[in-house]
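The working numbering puts the last residue of the sequence shown at 77; the count rises by one with no breaks. Reviewing the structure listed below.
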Amino acid sequence: MTSFINLSLFSDPQLLIPTIAILTPLVIVWIAIFFNSRNQKNKYNTIIEVSKNIKDSEDVKELLDSLQEKKIKYRP
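Below, the structure is given as structure tokens:
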């Protein structure tokens with residue numbers, strides 16, 4: 002029973018490599034999601050700041066249209 006309580010993922014060399022193998026993809030996915038969400042947030046904040054300084058509504062509409070993501074057709 003005491004060996005179960007003292008079990009740590011990083012102290013046992015046999016568990017170190019599998020633990021790193023499981024945690025590495027999770028960390029990579031978390032980093033990708035974090036930077037993607039931060040990029041989207043900065044993009045929308047920039048649009049808001051630029052649109053505050055533009056007086057013509059047509060220019061704001063052109064700006065929003067240019068920033069829309071265009072879907073790519075992969076089928077012919």
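We put the beta carbon where it would ideally sit given N, CA and C, even for glycine.
Shown here, Asp57 sits in coil according to DSSP, grouped into three states, outside any helix or strand.
DSSP, read as helix, strand or coil, puts Asp66 in helix.
If you draw a straight line from the Cα of Ile32 to the Cα of Asn40, it is about 12 Å long. Taking 8 Å as the cut-off, the beta carbon of Leu64 is found closer than this to the beta carbon of Ser52.
In the three-state reduction of the DSSP assignment, Pro26 falls in the helix class.
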